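Read the structure below first, then the notes.
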Amino acid sequence: MKRNNYVVANWKMNGLTSFVKIFNAINKHLVSKKLNNPNVIVCPPYTLINTLVSSKKSKVMIGAQDTHELDSGAYTGCVSSEMINDLGAKYVIIGHSERRQLFGEDVELLSKKILSAHKHGLKVIFCIGELESEIKNRKSILMKQLKSLPKKLDHKKLIIAYEPVWAIGTGLTPTLLEIDSIHASIRDILKFNQSFAKNVSILYGGSVNAENANNILSLENVDGALVGGASLKPRDFSKIIDYFS
Ligand code: 13P
47 MKRNNYVVAN WKMNGLTSFV KIFNAINKHL VSKKLNNPNV IVCPPYTLIN
97 TLVSSKKSKV MIGAQDTHEL DSGAYTGCVS SEMINDLGAK YVIIGHSERR
147 QLFGEDVELL SKKILSAHKH GLKVIFCIGE LESEIKNRKS ILMKQLKSLP
197 KKLDHKKLII AYEPVWAIGT GLTPTLLEID SIHASIRDIL KFNQSFAKNV
247 SILYGGSVNA ENANNILSLE NVDGALVGGA SLKPRDFSKI IDYFS
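To convert, take the position in the sequence shown, counting from 1, and add 46; that gives my numbering.
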C-alpha cells in the first residue's frame, strides 16, 4: 500500500491576523495547480484557527500546534482537544521538541495528550528527534520517545515527524543517507509492537527549504515534510509542495 504524503506548516508563535494572506497564497497555489497530492496542513497559532478553517473553498487542512491532556477545567491559558475539534481543526502537533524542552513535556504526558486528541477526533502529528549531544544514542532516544504511542491504532490517525533538534532553525540537516536510514529504523522500531507501523507516514522536519526539499522528499522512506521557517514564505512553501506533483 502506498503511504500518504504530507507537507505540514508549523507556524509556531507567528501569526497576526495579517498572516491570513500567507494562507490564502498557499491555498491559491493548491487550487490553481489542481494538486491532490500531497496533503497540505497548516498549523497556525490557536488564535487563527477559526479564521483559517472558515476560509471558503480551501484545500488546505488546519491543525493546532499543541493540546492539553484534559478536556476542560481550571487550567488557565490551556486549550483542549475538544476545543480544537470544536473550532474545526482536524490535526494537532504533539511532542514538538520546543514543547519537550521549553515546557518539560515527557513521555507520559505526551501519551495522555495523544489519547485526548484521538478521543476528540483529531489526527496526531507526533514529533520525535534527538539533541545534538544525543546523536550517538539516537536509536535509544527515538525508541524511548516512541513509547508515548498507543500500541493499536488506525494508521490514518497518526503521522510521525522525525525532527532532529539540532537541525531545527539552524540550516543544518543530516545527510540524505542518514535521513533515509533513520526513517527506515523508526519504522523498524515501530514494527516490534505497533500494528500501524507498515502504513504510517513518516515526515522529515528540520531546516527543510525550497532548495533541499527536492532531495529530501524523493527519499524512499520519507513521506513528507514538517516545515517551520520556510512555511511562512508562500513561494518557498509552494515549491516544497510542488516536489510531490
Ligand atoms: P525549521 O523548518 O524552521 O527548521 O523548523 C522545523 C520545525 O520545528 C517544524 O516543526
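Ideal Cβ positions, reconstructed from N, Cα and C, are used throughout, including at glycine. Just so you know, these numbers come straight off a predicted model, no measurement behind them.
Proximity test, residue i beta-carbon vs ligand 1 heavy atom, cut-off 7 Å
| i | result |
| --- | --- |
| E151 | no |
| E178 | no |
| G215 | yes |
| N60 | no |
| A110 | no |
| L156 | no |
| L272 | yes |
| N56 | yes |
| E209 | yes |
| S253 | yes |
| A276 | yes |
| H142 | yes |
Rounded separation between residue i and residue j - CA only
| i | j | result |
| --- | --- | --- |
| K193 | N239 | 10 Å |
| G119 | S264 | 45 Å |
| N51 | G150 | 30 Å |
| S100 | T93 | 13 Å |
| R5 | I287 | Coverage of the chain is limited to positions 47 through 291, which leaves residue 5 absent and any answer about it impossible. |
| L142 | C173 | Reading the sequence as shown, one finds His at residue 142 and not Leu. Straight-line Cα distance between these residues: approximately 5 Å. |
| S277 | N60 | 11 Å |
| P84 | A271 | 10 Å |
| L249 | D269 | 5 Å |
| W57 | K159 | 20 Å |
| L218 | E209 | 11 Å |
| N245 | K279 | 31 Å |
| A135 | P220 | 32 Å |
| L236 | L188 | 10 Å |
| I262 | S227 | 12 Å |
| E176 | H114 | 23 Å |
| P126 | I206 | The sequence given here places Ser at residue 126; Pro does not occur at that position. Rounded to whole angstroms, S126 to I206 spans 21 Å at the Cα level. |
| H229 | V54 | 17 Å |
| Y137 | N96 | 14 Å |
| I232 | I214 | 19 Å |
| V106 | P90 | 12 Å |
| K74 | L168 | 25 Å |
| K198 | L161 | 12 Å |
| H166 | K67 | 30 Å |
| L222 | A259 | 11 Å |
| A71 | S284 | 9 Å |
| N183 | I108 | 34 Å |
Beta-ladder partner(s) of residue i, from DSSP
| i | result |
| --- | --- |
| Y137 | G109, K169 |
| N56 | C89 |
| Y250 | Y208, A271 |
| H75 | Beta-bridge pairing links H75 to no other residue. |
| S126 | H114 |
Closer than 8 Å to chain D by CB, residue i
| i | result |
| --- | --- |
| L148 | Among the chains of the structure shown, chain D does not appear; only one protein chain is present. |
Entirely within the segment 174-236 and at least 4 residues each: give me those alpha helix (DSSP H) ranges in chain order.
184-192
Inside the segment 139-166 only - alpha helix (DSSP H) runs reaching at least 4 residues
143-148, 153-165
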